[in-house]
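Each residue of the sequence shown is one higher than the last, beginning at 949 in my numbering.
Comments concern the structure below.
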Amino acid sequence: MKHFLNLSDLGKEGLLKVLDVADNLKATRGTPEAPQPLRGKQIALVFEKASTRTRLSLEVAVSELGAHPIVLTSTGSQLGRGEPMKDTARVLGRMVHGITLRTSDESRIKTMVEYSGVPVLNALTDQSHPMQLLADLMTVRRHFGQLENLSCAWIGDGNNMASSWIEAAGLLGFQLQLACPQGYEPDPVFLDQARSRGAKILVTTNPQEAVAGAHVISTDVFASMGQEGEAENRLKDFAGFQLNSQLLNHADSKAVVLHCLPAHRGEEIAEDVLEGPQSLVWDEAEARLHTSKSVLLWVFDQLPD
Ligand code: CP
Ligand code: NVA
């Protein structure tokens, strides 16, 4: 049985295949060739944190692949009243064929895997956001025609998104430079894993150094979900880490800008950059749909040859 807990579960070949299939699914959407190989399956989409894009893309993806999505949120289920994950997992496993889970600590995903007995997909944890990286890589590859020989930069918090960028760099071998304020460095576990795979990764506290010559520049909120109490302090600690046009001037002249969204304009990203000609954020958001379908097909061994 397959689970998609992190990008490494796909391996390099699987990751590239998922991106190829996502491109095909985009091209055939709404046509008679659009496949429905998940007909008859029930898929639970469990959200212990808020979501717009992930919920929307998964709900549409599951139903367009012929399966039935069932959304469970903390507030609308017994999870929010403290029912243990291992109990929820066993009940879900008796009724559905697959589960996507957005939660806080990754240990809760591991519990879901252990107790549900069905395929589980990571829809964001505090540690990683691999589904978003599939969409980011699809967007970048469609724009540049390749992922090799690219230099990518990450500006801001060494958070779940940064970890998944690091994992992608380790699998695919592109260059990655991260600029994070002191005390907000990326997870050393992801860094060590990627470096052991031969990835060239620079971690600096200087945003200009990170974006120098970069083709792709990504950022994310300074305070992630669950860190709302730190937001005020983080605003101070992240001074100088805004992705704005001055910083963009240090990148390659054809550089593109990504943001997983939601964005806080005027904090981690300037309005004119988010809305500007180098921003691919709406393509990136759309790519969530095609890559969600593709990774669901991978989990259920339904990827076309
Ligand atoms: N990018 C992303 O995961 O967005 P949501 O939090 O809206 O799902
Ligand atoms: N780092 C952000 C990503 C949101 C999609 C968070 O975890 O809130």
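All C-beta atoms in this analysis are idealised placements derived from N, C-alpha and C, irrespective of residue type, glycine included.
No experiment lies behind these values; they were computed from the predicted model shown.
For residue j and residue i, believed in contact at Cβ under 8 Å, the rounded distance
i: I1165; j: A1127; result: The Cβ separation is near 10 Å, so there is no contact.
i: T1153; j: A1071; result: In fact, because the Cβ distance is near 31 Å, the residues do not count as touching under 8 Å.
i: H1091; j: L1228; result: 6 Å
i: K1241; j: L993; result: The Cβ separation is near 14 Å, so there is no contact.
i: Q1080; j: M1109; result: 6 Å
i: A1162; j: A1101; result: 4 Å
Identity of the residues DSSP links to residue i by a beta bridge
i: C1128; result: C1128 is not bridged to any residue.
i: V1164; result: C1100 and V1204
i: N1070; result: L1049
i: P1136; result: Beta-bridge pairing links P1136 to no other residue.
i: A1218; result: DSSP, once it has assigned bridges, lists no residue as partnering A1218.
i: I1114; result: The partner list for I1114 (beta bridge, DSSP) is empty, contrary to what the question assumes.
i: A992; result: I1018 and I1047
Proximal residues to residue i (C-beta, below 8 Å), its chain only, five neighbours per side dropped
i: G1174; result: K997, S1052 and D1074
i: V1247; result: K950, H951, F952, G1046, P1067 and L1069
i: I1057; result: L953, L1049, T1051, V1068, N1070 and T1073
i: G1131; result: D1185
i: Q1226; result: L1196, A1203, V1204 and V1205
Close Cβ partners of residue i (< 7 Å) along its chain, the five nearest in sequence each way excluded
i: T1059; result: M1033, K1034 and A1037
i: R1089; result: L967 and L1095
i: K974; result: H1238
i: S999; result: R1050
i: K965; result: L1251
i: E1171; result: One point to set straight first is that residue 1171 is Ala, not Glu, in the sequence displayed. Taken in chain order, the residues that qualify are E1178, A1179 and R1182.
Environment of residue i [buried if 16+ CB atoms lie within 10 Å]
i: L1113; result: Position check: residue 1113 holds Trp in this sequence, whereas Leu was assumed. Label assigned to W1113: buried.
i: P1078; result: buried
i: A1182; result: Residue 1182 is actually Arg in this sequence, not Ala. Per the 10 Å Cβ criterion, buried.
i: A1187; result: exposed
i: T979; result: exposed
i: E981; result: exposed
i: Q1125; result: buried
i: K989; result: buried
Cutoff 6 Å; reference residue i; Cβ partners in own chain excluding five residues on either side
i: L1040; result: A992, I1047 and S1064
i: G1106; result: C1128, Y1132, E1133 and P1134
i: V1061; result: H951 and V1068
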